[in-house]
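Read the structure below first, then the notes.
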Amino acid sequence: DIRVGTWNVRSLYRPGAFQMMIREVGRYGTEIVALQETRWDGNGAVNSGAYTLHYGGSETHSFGVGFLINNKISSAIRNIRFVNERLGLLVVQGRWYKIAIINAHAPTEDKEDEIKDGFYDELEHIIDQLPSDYMKIVLGDFNAKIGKEEIFKPTIGLESLHDGSNENGNRVINFATGRNMIIKSTCFKHKNIHKQTWISSDGNTINQIDHVLVDRRRHTNILDVRSYRGADCDSDHFLVIAKIRERLSTRKNKEQAAGIKRINVRNLAEEDNGVKYAVEIVNRFEALEEVDETEDNAVNKQWENVRDVVIKSAESTIGYCRRSKNKSWFDSECENMIKERTKARLRWLSDKSDTNKEVYNKSSKSARDLVRSKKRHYLKRKVEEIDENCRNKNVRGMYIGINNWRKGFQPKTEMLRDENGNLITNTAGILDTWKNYFDQLLNVQFENDPAVENLEVYTAEPLIDEPTVLETKNAIKRLKNYKAPGIDLIPAELLKLGGNKLTNEIHKLVKIIWNKEELPEQWTESLIVPIFKKGDKMDCNNYRGISLLSTCYKVLLYS
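Quick note: the sequence shown uses full-length UniProt numbering, first residue 1, plus one each step.
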């Protein structure tokens, strides 16, 4: 069985709201939760550890929907699409058929008919485009009271919280009837407290306005639908969970992308690491045999000697970069305060006395004030770091801080669409998709022109002396710091601080290449890094690739 939920969280744009929501959803063990009113702008995906939030919204931080998906079932995802800030579509692969989950946030009762008509026209269009063999589930905040009218059976059940339907309720019923669906949130016998999905701020008005619909063909697969009042993310809506008799087609993502270990060049500035590194270079080269410049494989042998000595010397004296975890401002103090608020909220929901209401309001205010204060202090520290770098004349650190502040939060996605529009979630599939994309982009086939083939080409070149040691030394000095290395993972800083011995060995390599007119095999390869431009981050066409060449190759070019 899988558990699919719906929750109007009111806003994830508030400080701490996202962390609170993740914590609460994890407590109830849901695989998928359709979220409404996320209020995040644009489209993107955020990985929080156990869950990934895929979201879509407007540019004004209004409305917005999202799907919170447990990473254990990510391999079952076949498609995610956000139509607008009120509608989203998720398709997952079941054991026998695909399941389409539509996240809907309908206009409120007081909205104009034109807005409501436009919403349901779009919703019907999404349903009509789905293949007939899909299991179709529509869930979300419909702002609709569903009654118990006999004329609407069997589209509705007998277990609704309300006796009569409002206008929005009639619209939902008409939609369900026209698309041969059943409103399953009205079909299961529960206490009224487990049917309620919304409560007013004063606690006097309680409604069931969040619903779960399913196509009649597979409505028996919905085993239960109920709300959970204990889930708290400072919203006036309750978490609604549907238990579904279905198994998703998932696979364990055993293949992990190999992490690239990079030399921590910042350590070169500490104490005498630079001197130790240069001494280690000399010692390791003295232990090696001289490469005969006349032998056939001299180019590759000399390059391998230079590469291995530089990498091993840096390993032993400087070390690799360690991936540091970002310290979240949302700490245990925030979590404890949120737990106190949740307890006060549950006491108020059980006994709506003035005393409990006052305690809950105070606890809620204290939690909001603490979270905002933590966020402000976090941002203040960031500003102080930028100011400190400025005063210490650390221009690079200052501009990195300013740039990160200007860009703000940049969501990453770990999924791609292939050329057929299918969603790829596993590591091997993603790498293969990038390979095919750049293969088609860069390896363009041209028809041979007979006129060009018959041209006579003269290849005589003027005699140029081989580069001198001084030219090689100057070429190394020209290299720019803080640039990403190529496939050899040797940054420019290691060549600059390697001393005369390393310069001489690189010069020897340049001479062999010059005389033999042959490049090392590794230099014929480059790392292609996709840089996002704009648009859908899951579309390879919205990236531009840059090639990272070997740093020593640049020395040859500059010599």
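A virtual CB, placed ideally from N, CA and C, is assigned to each residue, including glycine.
Would you call the CB atoms of residue i and residue j closer than 8 Å?
i	j	result
glycine 29	serine 249	no
histidine 211	serine 185	yes
residue 567	threonine 472	Here the chain comprises residues numbered 1 to 559, so residue 567 is not present and cannot be evaluated.
leucine 68	valine 25	yes
arginine 216	methionine 181	yes
lysine 116	arginine 179	no
lysine 252	isoleucine 209	no
alanine 314	isoleucine 338	no
isoleucine 126	valine 83	yes
arginine 245	aspartate 41	no
asparagine 481	glutamate 466	no
proline 411	glycine 44	yes
serine 200	asparagine 8	no
glutamate 150	glutamate 109	no
asparagine 264	glycine 319	yes
arginine 544	lysine 533	yes
phenylalanine 438	isoleucine 528	yes
leucine 224	phenylalanine 188	Checking the displayed sequence, the identity of residue 224 turns out to be aspartate instead of leucine. Yes, Cβ-Cβ distance for aspartate 224 and phenylalanine 188 is below 8 Å.
methionine 398	asparagine 389	yes
lysine 343	glycine 203	no
serine 62	arginine 81	no
valine 309	lysine 301	no
residue 612	lysine 537	Outside the modelled stretch of the chain, which goes from 1 to 559, sits residue 612, for which no answer is possible.
Report, in whole angstroms, the separation of the C-beta atoms of residue i and residue j, which I expect to be a contact under 8 Å.
i	j	result
isoleucine 156	isoleucine 173	6 Å
glycine 5	valine 240	6 Å
isoleucine 222	alanine 242	6 Å
alanine 100	glycine 140	About 14 Å; that fails the 8 Å criterion.
phenylalanine 285	lysine 501	6 Å
glycine 498	alanine 278	6 Å
isoleucine 512	valine 299	5 Å
serine 58	isoleucine 22	So it is not a contact: roughly 23 Å between Cβ atoms.
leucine 463	threonine 551	Their Cβ separation, rounded to whole angstroms, is 29 Å, which puts leucine 463 and threonine 551 out of contact at 8 Å.
serine 316	glutamate 280	6 Å
leucine 556	valine 510	5 Å
lysine 496	lysine 483	About 12 Å; that fails the 8 Å criterion.
glutamate 37	arginine 10	5 Å
phenylalanine 330	glycine 56	In fact, because the Cβ distance is near 24 Å, the residues do not count as touching under 8 Å.
cysteine 334	arginine 262	Incorrect: roughly 34 Å between the Cβ atoms, too far for contact.
Name the DSSP beta bridge partners of residue i, please?
i	result
proline 530	Gly545
serine 227	Val240
glutamine 36	Asn8, Val65
asparagine 207	Trp198
asparagine 103	Gly88, Leu139
lysine 98	Gln93
glycine 44	Tyr55
asparagine 192	Asparagine 192 pairs with nothing; no bridge assigned.
aspartate 539	Arg417
asparagine 79	Val91
aspartate 387	Paired residues: none, contrary to the question.
tyrosine 320	Ile263
valine 214	Ile137, Ile182
isoleucine 424	Leu416
isoleucine 2	Ile244
Leaving out five residues on either side along the sequence, give the residues of the same chain with a beta carbon under 6 Å from the beta carbon of residue i.
i	result
alanine 176	Thr155, Ile183, Leu213
alanine 231	Glu24, Leu239
valine 91	Arg78, Asn79, Lys98, Ala100
phenylalanine 18	Leu12
glutamate 340	Ser363
arginine 345	Asp232, Tyr360
histidine 190	Arg226
Among residues of its own chain, excluding the 5 on either side of residue i, which ones have a beta-carbon nearer than 7 Å to its beta-carbon?
i	result
serine 526	Gly486, Ile487, Ser547, Leu548, Leu549
asparagine 71	Ala50, Tyr51, Thr52
residue 573	Shown here, the chain extends from 1 to 559; a query on residue 573 therefore has no answer.
glycine 147	Ser160, His162, Asp163, Gly164, Ser165, Gly169
leucine 130	Ala100, Lys136
glutamate 385	Gly401
phenylalanine 119	Arg86, Ala106, Pro107
With a threshold of 7 Å (Cβ to nearest heavy atom), would residue i be considered close to the ligand FMN?
i	result
asparagine 300	Looking at this structure, you won't find the ligand FMN or any other ligand, since it has none at all.
Check whether chain B comes within 8 Å of residue i, counting only Cβ atoms and requiring the distance to be less than that.
i	result
proline 15	No chain B is part of this structure, which consists of one protein chain only.
Please return the same chain residues whose Cβ sits closer than 8 Å to the Cβ of residue i, not counting the five positions on each side in sequence.
i	result
glutamine 196	Leu161, Ile206, Asn207, Gln208, Ser227, Arg229, Phe238
Q) Can at least three beta-carbon pairs, one atom from the segment 344–362 and one from the segment 305–319, be found at a separation below 8 Å? A) Under the three-pair Cβ rule at 8 Å, the segment 344–362 does not count as touching the segment 305–319.
Q: Say whether the segment 378–398 touches the segment 263–274, bearing in mind that this needs 3 or more beta-carbon pairs closer than 8 Å, one atom from each stretch.
A: no
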